[in-house]
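The end of the sequence shown is residue 451 by the working numbering, with every number in the run present.
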Amino acid sequence: MHPIVKFGAATALVVFATSAACADDAAVEAAVEKWSAQLTAKEVDARVEAAQALAAMGEQAAPAVVALRTNLSDKFYKVRAAAAIALGKIGPQASDATDALIEKLKDLSPSVRRAAAKALGRIGGDAAKRAIEELGMGLDHKLFKFRATAAESLGSMGLAAEPFVERVEKLAKSDKSKSVRAAAEVACEKIRKALEEERLRIEEEKKRLAALEALRKLEEARRKAAEEAEKKAAADAEAKRKAAEEAKRQAEEAKRKAEEEAKRKEAERLAKLP
């Protein structure tokens with residue numbers, strides 16, 4: 178079967194297992210165990226397929242880190258690259274593979290070096306820091322192949338390589354080796370692209386937060402206006418109630434006085450009778 182077809186089938190099974198996770202976590206666990214076991218298959222394509230399937234599962238494939246780390250030493254570069262990619266997809270939970278991935282930054286295969294660099298960038302934290310330091314030293318290596326590899330790998334790390342962007346740019350302009358200059362130029366483009374994407378992301382995040390803040394202030398203003406209106410309505414109602422009570426009191430007082438006056442006059446009239 179063609180590797181692409183096999184990968185499609187693997188991905189379909191992974192998606193099914195992942196979607197079933199909400200109802201049954203055992204489905205994901207079973208899928209991880211299945212693909213982890215297949216990492217030791219005799220067929221190269223089968224080992225690659227297993228790593229690709231685990232990569233598709235992302236963080237859920239964390240239990241397979243040890244098995245994937247082992248495959249970083251596979252004699253076939255496709256298997257090593259697939260394992261590195263999967264570890265990167267797992268992310269920070271794959272930190273136990275940091276040393277092995279850093280070692281792969283010196284792999285003879287460009288695809289493995291790129292995959293290892295990207296994986297270390299995705300894992301982040303101490304893994305990314307150590308990788309950056311390792312690659313930074315490689316930029317000054319006396320052998321041009323090591324300088325080219327270091328530049329190439331830094332480019333693959335994208336945003337994480339920002340501290341070395343100036344040094345990579347310098348290599349792109351002035352290194353005596355054409356291959357180093359070419360690798361550094363490509364790396365610069367990748368790093369700049371990552372920095373630009375991050376800048377745009379930050380801008381979008383600022384816009385989103387500003388919009389949320391504006392909405393919050395609008396809602397707050399509406400709430401306060403509603404509260405003020407409610408208070409005013411309550412105050413008006415209270416004033417009307419008091420006015421009505423006062424009017425009633427005055428009317429009753431006037432009626433009482435009128436009755437008293439009528440009684441007084443009646444008493445005077447009766448007193449004058451013979």
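Glycine residues also receive a C-beta, built at the ideal position from the N, C-alpha and C atoms.
This one's a predicted model, so the numbers in the text were calculated from it and none came from an experiment.
For residue i, I'd like the list of residues in its chain whose CB is within less than 8 Å of its CB, leaving aside the five on either flank, ordered along the chain.
{"i": "Asn248", "result": "Leu216, Arg224, Ala228, Val256, Arg257, Ala259, Ala260"}
Determine the burial state of residue i: buried for a count of at least 16 other Cβ atoms within 10 Å of its Cβ, exposed for fewer.
{"i": "Lys266", "result": "buried"}
{"i": "Arg324", "result": "buried"}
{"i": "Gln427", "result": "exposed"}
{"i": "Leu320", "result": "exposed"}
{"i": "Ala250", "result": "First, the amino acid is wrong: residue 250 is Ser here, not Ala. Answer is exposed; the Cβ neighbour count stays below 16."}
{"i": "Arg378", "result": "exposed"}
{"i": "Leu316", "result": "buried"}
{"i": "Ser351", "result": "exposed"}
{"i": "Arg299", "result": "buried"}
{"i": "Val242", "result": "buried"}
{"i": "Arg403", "result": "Note that residue 403 is Ala in the sequence shown, not Arg. With fewer than 16 Cβ atoms within 10 Å of its Cβ, Ala403 is classed as exposed."}
Considering only heavy atoms of the ligand SAH, does any lie closer than 8 Å to the CB of residue i?
{"i": "Ser272", "result": "The ligand content of the structure shown is nil, which means the ligand SAH is not present either."}
Tell me which residue opens and which closes the alpha helix (DSSP H) that residue i is part of.
{"i": "Ala202", "result": "Going by the sequence as given, residue 202 is Asp instead of Ala. Counting along the chain, the alpha helix (DSSP H) containing Asp202 begins and ends at 202 to 215."}
{"i": "Glu220", "result": "Note, Glu220: premise wrong, no alpha helix (DSSP H); not H, not E."}
{"i": "His295", "result": "First, the residue type needs correcting, since residue 295 is Lys and not His in the sequence shown. Run containing Lys295: 287 to 300, per the alpha helix (DSSP H) assignment."}
{"i": "Leu278", "result": "275 to 280"}
Which same chain residues, not among the five before or five after residue i, have their C-beta less than 6 Å away from its C-beta?
{"i": "Ser333", "result": "Arg291, Ala294, Lys295"}
{"i": "Leu336", "result": "Ala371, Glu375"}
{"i": "Cys199", "result": "Annotation note: pLDDT 39 at Cys199 (below 50); position unreliable, coordinate value reported separately. Answer for Cys199: no residue qualifies."}
{"i": "Leu278", "result": "Ala293, Ala296, Leu297"}
{"i": "Lys353", "result": "none"}
Spatial neighbours of residue i within its chain, please: CB distance less than 7 Å, with the 5 preceding and 5 following residues excluded, ordered by chain position.
{"i": "Lys322", "result": "none"}
Residue ranges of each alpha helix (DSSP H) run of no fewer than 4 residues wholly in the stretch 231 to 268, ordered along the chain? 242 to 248, 254 to 267
Enumerated in chain order, which unbroken segments of the beta strand (DSSP E) with a length of 3 residues or greater are wholly contained in the stretch 304 to 343? none
Completely contained beta strand (DSSP E) runs for the stretch 337 to 377, where each covers 3 or more residues: none
Does the structure place the stretch 389 to 397 close enough to the stretch 352 to 361 that three or more beta carbon pairs sit under 8 Å? no
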